[in-house]
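These notes are about the structure you will find just below.
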Amino acid sequence: MKLAKIVIVGKDEAGKSTLVQNIIPGALNIERQGRTIALDYGNKVHGNYKLHLFGTPGQSRFRIVRDVVARGMDLAVWVLDYSRQFDDRDHEILHFLTGLDVSFIVFANIKPGVQKERRQVTRLVGDPPQLKEIIIGSAKSGFRVTELLDAIVEVLNSDGVKDSNQKTITKETKASG
Ligand SMILES: Nc1nc2c(ncn2[C@@H]2O[C@H](COP(=O)(O)OP(=O)(O)O)[C@@H](O)[C@H]2O)c(=O)[nH]1
Ligand SMILES: [Mg+2]
């Protein structure tokens with residue numbers, strides 16, 4: 152079993168904490184009045200990985216927390232609520248993600264009344280090399296959350312994540328499950 156650190160980013164109210172709770176019911180959430188101020192944390196075994204999921208705060212004044220939590224991550228999941236304007240905070244996140252040598256997956260969260268189209272996501276975020284997958288789903292209902300976990304494991308396997316003793320990087324083909 153390999154370990155992976157997955158960091159969930161996105162602006163406030165995108166659905167990051169909801170997603171972590173959906174994947175790991177009862178996951179730790181450090182919040183104040185509903186706002187994540189430090190992090191969400193939970194772990195889950197999926198495929199050949201134990202995934203350690205860290206949700207980060209979305210408000211820009213807590214950006215430092217995100218940057219610290221993100222250190223050493225193996226993969227990022229960007230929860231994007233595109234029922235709202237793609238604004239400066241989204242551009243900041245895009246800039247953050249494309250400035251790193253780490254793969255990311257966009258989880259486009261369905262909120263009511265949104266046209267959920269993949270090409271709308273690529274219109275917003277472009278097609279940077281780090282972007283490996285776009286999953287359109289719902290953090291709240293759990294729609295396509297299993298597909299998100301499958302995609303996480305698939306990207307980790309194709310990136311070749313360091314195993315627990317760090318250093319060794321193994322490129323390997325997708326394992327079953
Ligand atoms: N309808 C709907 N609402 C959602 C969904 N995901 C999150 N929400 C709501 O959006 C709000 C913000 O969610 P939260 O997980 O706290 O966002 P965070 O700030 O990114 O952690 C909450 O009221 C959630 O119930 C979803 O998939 N569908
Ligand atoms: Mg939160």
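Under the working numbering, the first residue of the sequence shown is numbered 152, with each subsequent residue one higher. Built from N, CA and C at the ideal position, the CB exists for glycine as well.
Val-220 sits in a helix when the DSSP states are folded into three classes. Non-local beta-carbon contacts of Phe-213 in its own chain, meaning distances under 7 Å to residues more than five positions away in sequence, involve Ile-188 in chain order.
By the Cβ criterion, the segment 177 to 196 is not in contact with the segment 240 to 258, since fewer than three pairs of Cβ atoms, one from each stretch, lie closer than 8 Å. The way I'd put it, the segment 169 to 183 doesn't touch the segment 269 to 279; fewer than three beta-carbon pairs between them come closer than 8 Å.
The C-beta distance from Leu-170 to Val-230 rounds to 6 Å, short enough to fall under 8 Å. Taking C-beta separations shorter than 6 Å and ignoring five residues to either side along the sequence, the partners of Lys-291 in its chain run Thr-169, following chain order.
For Phe-247, the enclosing alpha helix (DSSP H) stretches over residues 239 to 249. In the DSSP annotation of this structure, the continuous segment of the beta strand (DSSP E) that includes Thr-187 starts and ends at 186 to 197. Here DSSP, grouped into helix, strand and coil, assigns Lys-156 to strand.
In the same chain as Arg-240, and ignoring 5 residues on each side of it, the C-beta atoms closer than 7 Å to its own belong to Lys-162 and Ser-211, in chain order. CA-CA distance, Gly-193 to Arg-274, rounds to 32 Å.
With 16 or more other Cβ atoms from the protein chains shown falling within 10 Å of its own Cβ, Asp-232 counts as buried.
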